[in-house]
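Worksheet: the structure to be examined is printed underneath.
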């Protein structure tokens, strides 16, 4: 393809990426370096008819508004937001690690730091949900592929239901089912013989519910991709393996899995990026008391009593860096395989 034709094809995509991806990221990075202006206080003498006079501090609304109009980004803070207690907490973390407390006590104190509490749950969610969802999707794809053609349509439809349902609605439904008055919540109370056991009161139950929901909602995507890949497996190769006496498991291990390996890399990349931004289940489960994520921290900064754009920007930048670090091993492996094939 001539260079002019190639650039003509990709130019709309490049313009869209610059406008809707590159520029917003630059804006977020700039905003993360600033914090909101403090309110300007003035001393006001307050005199009562029979009580004398007293001096009190009041907010000068006009001066504060003028300062904000003059410097709309706020007060320059540099990397101060990144290292404060709400984010990397370098000072607090140094004090905790240098103390003579036990590992359990140090771990508990680290979990009290908002950013690390959210980061730990986000990483657990990624590394637990992604492989299990891929394994479940692959298993369903193998099972559906072996079914008669008459039954494949309905089974595929029901397998895709978790993907069809809006994530927030799905998490709300499961939350209601796990509530003390719900069918699952009442069953769990009956099994453990504890009428006070509830989703809100048990961090372990909250984490378990969120992780189970994550596997349930992510599996359909893996199923669709792997099922499509199964249709491209060479029939001659499978027949040759059967003639050679290979069992079903051996055909899966030595023929199907190597054939679907590039698809598995693609699915892992997509789901790792998606799971690192986990947000809807936490809101739907109202689980912020026991589990928070990096995306939830951004949401909380922007919806609190005072919108903290600098704090939200810093968390966004750290989230982007986290996604890049998380995907780096997979991207490097993919590049090496591509380079090896090219040679």
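In full-length UniProt numbering, the protein residues as written are 1 to 343.
Glycine included, each C-beta is placed from N, C-alpha and C at the ideal position.
- With contacts defined as CB atoms closer than 9 angstroms, residue 55 and residue 70 fail to qualify as a contacting pair.
- Counting the other CB atoms within 10 Å of its CB gives residue 175 a total of 16 or more, which places it among the buried residues.
- Here residue 162 is near residue 219, since their CB atoms are less than 9 angstroms apart.
- Secondary structure within the region 24-96: the alpha helix (DSSP H) runs of 4 or more consecutive residues, fully enclosed, are 61-70, 80-83 (chain order).
- When DSSP states are grouped into helix, strand and coil, residue 114 belongs to the helix group.
- The beta carbon of residue 96 sits closer than 7 angstroms to the beta carbons of 106, 109, 110 from its chain, once the five residues preceding and following it are set aside; these are given in chain order.
- The Cβ-Cβ distance between residue 323 and residue 277 falls below 9 angstroms.
- By alpha-carbon distance to residue 330, the top candidate from 11, 198, 10, 269 is 269.
- Counting C-beta atoms within 10 angstroms of its own C-beta, residue 235 has fewer than 16 neighbours from the protein chains shown and is therefore classed as exposed.
- Using a C-beta cut-off of 8 angstroms, the region 308-317 makes contact with the region 75-93, since at least three inter-stretch Cβ pairs fall below that distance.
- Residue 226: member of the alpha helix (DSSP H) spanning 203-230, first to last residue.
- Taking residue 122 as the centre and dropping the five residues before and after it, the same chain places the C-beta of 276, 278, 293, 294 closer than 7 angstroms to its C-beta, in chain order.
- Rounded to whole angstroms, the gap between the alpha carbons of residue 57 and residue 303 is 28 angstroms.
- Unbroken alpha helix (DSSP H) runs of no fewer than 4 residues, entirely contained in the region 293-320, are found at 294-303, following chain order.
- Taking a 10 Å sphere around the C-beta of residue 126, we find 16 or more other C-beta atoms and assign the residue as buried.
- If you compare the alpha carbons of 223, 312, 333 with that of residue 28, the shortest gap goes to 312.
- Counting only runs that start and end inside the region 138-177, the alpha helix (DSSP H) elements of at least 4 residues fall at 149-159, 161-164.
- The C-beta of residue 289 has fewer than 16 other C-beta atoms within 10 Å across all chains shown, which makes the residue exposed.
- The C-alpha of residue 272 lies about 12 angstroms from the C-alpha of residue 215.
- Contact between the region 30-43 and the region 59-74 is present: 3 or more CB-CB pairs across the two stretches fall below 8 angstroms.
- Here residue 264 carries a helix assignment [DSSP, helix/strand/coil].
- Between residue 134 and residue 241 the beta-carbon gap is near 24 angstroms, outside 8 angstroms, which marks them as no contact.
- Assignment of residue 185 by DSSP, reduced to helix, strand and coil, places it in the helix class.
- Rounded to the nearest whole angstrom, the CA to CA distance from residue 327 to residue 262 is 15 angstroms.
- Using a 10 angstroms sphere on the CB of residue 199, the tally of other CB atoms reaches 16 or more, which defines it as buried.
- According to the DSSP assignment, residue 288 belongs to no alpha helix (DSSP H), since it is labelled neither H nor E.
- Under the DSSP assignment, residue 243 falls in the alpha helix (DSSP H) whose first and last residues are 235-243.
- Distance from the CA of residue 155 to the CA of residue 254, rounded to the nearest whole angstrom, comes to 27 angstroms.
- Apart from the 5 residues on each side of it in sequence, residue 183 sits with its Cβ closer than 8 angstroms to the Cβ of 177 in its chain, given in chain order.
- Counting along the chain, residue 13 sits inside the alpha helix (DSSP H) bounded by residues 3-17.
- Secondary structure note for residue 248: its alpha helix (DSSP H) is the uninterrupted segment 248-251.
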